[in-house]
Amino acid sequence: LTPFKRWEVLGNHQYGVCVAVTWANMRRLVTGTLTQEIYPNLKNVIDLYKTQNPFFPVQDMGMDIQLMLNHVRKNGDPLGTKPVAFAKLNVRNLEEIKAAIYIFGGIVLGMAVQAGTMNDFYEQKPLDYHPINEGNITGLHAILAGGYMGESRDDVRIVTWGRECTLTQICWEKLVANQYGEAWCVIWEESLGTEQFVQGIDLAALAKAFKALTNTELPITIPPPILTPKRKVDILWDAHKELHK
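Here this note's numbering runs 114 ahead of the position in the sequence shown, where the first position is 1.
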């Protein structure tokens, strides 16, 4: 996430467009990392939001992440791009989440938010869990998770409300890894053939999960991998795997 100097709020300070904004942030991350950066704008975000809120702004009821992903897979997003596939991840398995972030570059994450969580954001602190607010969930929120190994070894780095920040491990356990949380990996054409994708994906398992979600066969033919010199992130990931053997 670090090379991206500025993230946009894209209306999420006023409307419940967090799912659509997460799509926009993911497209920026994927294209900016692998090809030429394309960052969807506010109009694009609202156009996607209207697929579940056709009477916006009178209707402002948020979005279902899976419905959004299925819509763009079938119909294309507001820029005409269709993801190849998507799959649900196990939010109770942080190692699986980190592996997905490494392979796909970022994932769509849904979490619960407390009043204290919002205060953490405004004070530019890592988003944490606040026992004093236990049971007091102010809402559900979608974010882009695009990294880990930030201020603590176990945190997850995210983009939300126009800024990069982090989730602490206890925040993950209490506000994500429960009935409120969900995580989705999305396969875009830009990712096919990258070394991380080819080496890190169990295609048989992915195909099975994809068919269970969509009743559709996985439409992937993997091209030869694009081999690149070992980058810092690859070295970190190798070290991470060694530590957790």
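We put the beta carbon where it would ideally sit given N, CA and C, even for glycine.
None of the values given here were measured: they were computed from a predicted structure.
If contacts are defined as beta-carbon pairs under 8 Å, then residue 225 and residue 295 qualify, I think. What distance do you get, rounded to the angstrom? A Cβ-Cβ separation of about 5 Å places residue 225 in contact with residue 295 under the 8 Å criterion.
> How about residue 119: is its Cβ closer than 8 Å to a heavy atom in the ligand MG?
Replying inline: Among the ligands in the structure shown, none appear at all, so the ligand MG cannot be discussed.
Which class does residue 185 belong to by DSSP, given the choice of helix, strand or coil?
Three-state DSSP puts residue 185 in a helix.
Given this structure, state the Cα-to-Cα distance separating residue 133 from residue 164, to the nearest angstrom. If I take the Cα positions, the gap works out to 12 Å.
**Study point:** Under the three-state DSSP convention, the category residue 280 falls into
**Key:** Correct three-state label for residue 280: strand.
For a quick check, are the C-beta atoms of residue 107 and residue 186 less than 9 Å apart? The displayed coordinates of the chain run from 115 to 359. Any statement about residue 107 would go beyond what the structure contains.
* To do: Please name the residue or residues paired with residue 228 in a DSSP beta bridge.
  => DSSP lists 251 as partners of residue 228.
Worksheet item: Grouping DSSP H, G and I as helix and E and B as strand, with all else coil, what is residue 357?
Response: Legend: pLDDT at residue 357 = 44, less than 50; position of this residue unreliable, no value from coordinates given.
Is it true that the CB of residue 281 sits closer than 9 Å to the CB of residue 240? Taking 9 Å as the Cβ cut-off, residue 240 and residue 281 qualify as a contacting pair.
Secondary structure of residue 262, DSSP reduced to three states:
The answer is strand: DSSP assigns residue 262 an E or B state.
Mind checking which residues open and close the alpha helix (DSSP H) that includes residue 303? Unbroken run through residue 303: none, as it is neither H nor E.
- Can the beta-carbon of residue 205 be found less than 9 Å from the beta-carbon of residue 291? A distance below 9 Å separates the beta carbons of residue 205 and residue 291.
Tell me where the beta strand (DSSP E) around residue 200 begins and ends.
Counted as a single uninterrupted DSSP element, the beta strand (DSSP E) harbouring residue 200 occupies residues 199–203.
Going by CA-CA distance only, name the one from 142, 130, 287, 147 that's closest to residue 153.
Comparing Cα positions, the closest option is 142.
| message | On the DSSP letters alone, give me the boundaries of the beta strand (DSSP E) that residue 271 sits inside. | response | For residue 271, the enclosing beta strand (DSSP E) begins and ends at 270–274.
Task: Inter-residue Cα distance where the pair is residue 150 and residue 322 - done: Using only the alpha carbons, I get a separation of about 32 Å.
* Nearest to residue 144 by alpha carbon, out of 183, 201, 166, 215? -> Distance check between residue 144 and each of 183, 201, 166, 215 places 215 closest, using alpha-carbon atoms only.
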